[in-house]
Amino acid sequence: EPEVTQTPSHQVTQMGQEVILRCVPISNHLYFYWYRQILGQKVEFLVSFYNNEISEKSEIFDDQFSVERPDGSNFTLKIRSTKLEDSAMYFCASSEGQASNQPQHFGDGTRLSIL
Amino acid sequence: AQSVTQLGSHVSVSEGALVLLRCNYSSSVPPYLFWYVQYPNQGLQLLLKYTSAATLVKGINGFEAEFKKSETSFHLTKPSAHMRDAAEYFCAVSDRGQGGKLIFGQGTELSVKP
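Chains A and B, in that order, are what the protein sequence lines are. Residue numbers are given in our numbering: position 108 of the first sequence equals residue 204, and the series is strictly consecutive. Residue numbers are given in our numbering: position 34 of the second sequence equals residue 50, and the series is strictly consecutive.
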């Protein structure tokens, strides 16, 4: 069964550095998402992406965050000038069609640790 | 705005016992509802979804959930727990007009005792 893949599985970065989290969504999917889960807290929506542009973003997704689909397969989340509070599990997800009623398929996540 | 409340951050059952994980939602329009499971060090896996067809929804691994509009609930059940069901379970809502983002509950950790 096709799956969403995320790399790396664990990223350790010094505070203030830039980090890029990578995702390969399922190939025929059209909607892409990033979520994060701070340790012990609920999964939170960050951003959704469709047709090469952001369709919705949360208040968490401020100017330090950006997303890109640089080619036909990868979907990246960039965090500029990381802060300690950015430490979390970041999940990429994709869905096939009309987003609201289509299930989202999640990757295994990237654990981001900011030192 | 939509919201999801999961009653009980931790539920413990014995192997073979009934599993009941509670989820209540708040939405101004009929929602789409989902249950996801997260095993340790893994991503979220879809268990089942409600998208306004049958109110009783059957999912994978023997789980099912019933949508009750009058109670704004979407509780997850399984008649007989297995050790392998031990995981974190998340209820989520997606508003039809919102373009697909999921709003998650805080999660319920299910423990299964032998």
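Virtual Cβ for every residue (Gly too), placed ideally from N, Cα, C.
Which residue from A/160, A/199, A/167, A/127 puts its Cα closest to that of residue 146 of chain A?
The option with the nearest alpha carbon to residue 146 of chain A is A/127.
Mind checking if residue 131 of chain B is an interface residue toward chain A, Cβ cutoff 7 Å exclusive?
Because chain B here runs from 17 to 130, residue 131 of chain B falls outside it and cannot be looked at.
Need the endpoints of the beta strand (DSSP E) that residue 54 of chain B sits in, please.
48–54 is the extent of the beta strand (DSSP E) around residue 54 of chain B.
Quick one: does residue 138 of chain A have its CB under 7 Å from some CB of chain B?
Yes, its Cβ sits closer than 7 Å to a Cβ of chain B.
Which residue comes first and which comes last in the beta strand (DSSP E) that contains residue 206 of chain A?
That run of the beta strand (DSSP E) goes 206–210.
Nearest-angstrom Cα distance between residue 112 of chain A and residue 181 of chain A?
If you take the alpha carbons of residue 112 of chain A and residue 181 of chain A, they lie about 12 Å apart.
Taking DSSP's pairing of strands, which residues face residue 157 of chain A in a bridge?
DSSP output for residue 157 of chain A lists no bridge partner at all.
Looking only at DSSP bridge pairs, what is residue 174 of chain A linked to?
Partner(s): A/116, A/162.
Establish whether the CB of residue 122 of chain B and some CB of chain A are separated by less than 7 Å.
Yes, residue 122 of chain B lies at the interface with chain A (some Cβ there is under 7 Å from its Cβ).
May I ask you to report which of helix, strand or coil DSSP gives residue 40 of chain B?
Correct three-state label for residue 40 of chain B: strand.
Where residue 20 of chain B and residue 43 of chain B are concerned, what is the direct C-alpha to C-alpha distance, given to the nearest angstrom?
Each residue's Cα considered, the two are about 9 Å apart.
Use the C-beta contact count for residue 121 of chain A: other C-beta atoms within 10 angstroms, 16 or more gives buried, fewer gives exposed.
Buried is the call here.
Could you check how far apart the C-beta atoms of residue 184 of chain A and residue 202 of chain A are, in whole angstroms? I think they sit under 8 Å.
Contact flag wrong, Cβ pair sits at about 15 Å.
Return the residues of the stretch 40–64 of chain B that lie within a Cβ-Cβ distance of less than 8 Å from chain A, sorted by chain order.
Against chain A - using a Cβ distance shorter than 8 Å - the residues of the stretch 40–64 of chain B are 48, 50, 52, 57, 58, 59, 60, 61, 62.
Could you say which of B/31, B/79, B/36, B/49 lies nearest to residue 24 of chain B if we only look at CA atoms?
Checking every option, the nearest Cα to that of residue 24 of chain B belongs to B/36.
By a C-beta neighbour count over all protein chains shown, 10 Å radius and 16 as the cutoff for buried, is residue 98 of chain B buried or exposed?
Label assigned to residue 98 of chain B: exposed.
Would you kindly report the start and end of the unbroken beta strand (DSSP E) that includes residue 132 of chain A?
It spans 127–133 - the beta strand (DSSP E) in which residue 132 of chain A sits, taken as one unbroken run.
Residues of chain B with CB under 9 Å from residue 204 of chain A, in chain order?
Per Cβ cutoff of 9 Å: 57, 58, 59.
Give the DSSP-derived three-state secondary structure of residue 110 of chain B in the structure shown.
Three-state DSSP puts residue 110 of chain B in a strand.
Measuring alpha carbon to alpha carbon, tell me which of B/64, B/54, B/17 ends up nearest residue 94 of chain B.
Here the closest residue by C-alpha is B/64.
Taking 6 Å as the line, does the beta carbon of residue 69 of chain B fall inside it for any heavy atom of the ligand PLP?
Of the ligands one can find in the structure shown there are none, so the ligand PLP has no counterpart to examine.
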